[in-house]
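Have a look at the structure below, then the notes.
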Amino acid sequence: MHSKDSDKSNDPERQPTRKPELGLLRGGGDARTSESALAKEFAHRALAPLVSDLRGRHGRLEARKVASAIGLTPQQFADCLEISLEAVQMSPPPPGLEERLEPFAMVVGIVRDVYGGDSKRVRDWLRTPRPELDGQTPIDALCIPFGIQRVIQFVLGAWLRNAD
1 MHSKDSDKSN DPERQPTRKP ELGLLRGGGD ARTSESALAK EFAHRALAPL
51 VSDLRGRHGR LEARKVASAI GLTPQQFADC LEISLEAVQM SPPPPGLEER
101 LEPFAMVVGI VRDVYGGDSK RVRDWLRTPR PELDGQTPID ALCIPFGIQR
151 VIQFVLGAWL RNAD
């Protein structure tokens, strides 16, 4: 028989009310770049209908569709991701690319939810400098190392706080 107590650690330092951090679950221990795994799972499920148009007929996110949603040309998005233009245009996407597209789709889904699906307002928001991102635009921050995580933390935190 399996009990809930068998899942609990005997570690005296463990705080039972603390939510698991994504970085810890994925092997990274940097609390500055992690968010709640529960919040990420909630966002993924809640946003699925808002980003279904970013998926191709194979059900996978497609770079060219994500590029269009964020207001970049395929070449600009290829430069952002540091991949070839051909990889951006492939359907289905090459192995490993869909995982890199998921954070972009999450940001698009959250901002679409906030703006009622208005594509122009989503692209405008992505191009507006944000003090929370040290004056960078979200689209610029998404295209630099660690920038994706900063944008996701910002939009996911704001979205979840406004869900009350």
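Quick note: the sequence shown, position 41, residue 41 per the working numbering, numbers continuous. For each residue, glycine too, the CB sits at the ideal point set by N, CA and C. In this text the structure is predicted, and so the values were computed from the model without any measurement.
Have a look at the DSSP bridge pairing and note the partners of residue i.
i, result
"R239", "Only positions 1 to 164 of the chain appear in the structure, and residue 239 is not among them; the question remains open."
With burial defined as no fewer than 16 other Cβ atoms inside 10 Å of the residue's Cβ, what is the status of residue i: buried or exposed?
i, result
"G109", "buried"
"P129", "exposed"
"L24", "Residue placement at L24 is poorly supported in this model, since its pLDDT is 24, which falls under 50; the coordinates are not used for a value here."
"A131", "In the sequence as displayed, the identity of residue 131 is Pro instead of Ala. The residue in question, P131, is exposed, as its Cβ has fewer than 16 Cβ neighbours within 10 Å."
"E82", "exposed"
"D113", "buried"
"A78", "buried"
"A67", "buried"
"A48", "exposed"
"R150", "buried"
Just the C-alpha distance for residue i and residue j, rounded to the nearest angstrom, thanks.
i, j, result
"Q76", "R55", "19 Å"
"M106", "A37", "14 Å"
"Q136", "H58", "35 Å"
"D53", "R64", "11 Å"
"P145", "L156", "19 Å"
"R45", "V51", "11 Å"
"I70", "I148", "13 Å"
"T73", "F42", "30 Å"
"C80", "R127", "14 Å"
"Q153", "L85", "28 Å"
Shorter than 9 Å from the beta carbon of residue i to some beta carbon of chain B?
i, result
"L85", "Of the chains in the structure shown, none is chain B; there is only one protein chain."
Assuming residue i contacts residue j (C-beta within less than 8 Å), just tell me the rounded distance between them.
i, j, result
"L206", "P93", "In the structure as shown, the chain begins at 1 and stops at 164. Residue 206 is therefore absent and cannot be evaluated."
(request) Flag this pair as touching only if the region 91-103 and the region 132-141 have three or more C-beta atom pairs under 8 Å; answer yes or no. (result) no
(message) Would the region 120-127 count as touching the region 80-92 if we require 3 or more Cβ pairs under 8 Å?
(response) The region 120-127 makes no contact with the region 80-92, as fewer than three CB pairs between them are under 8 Å.
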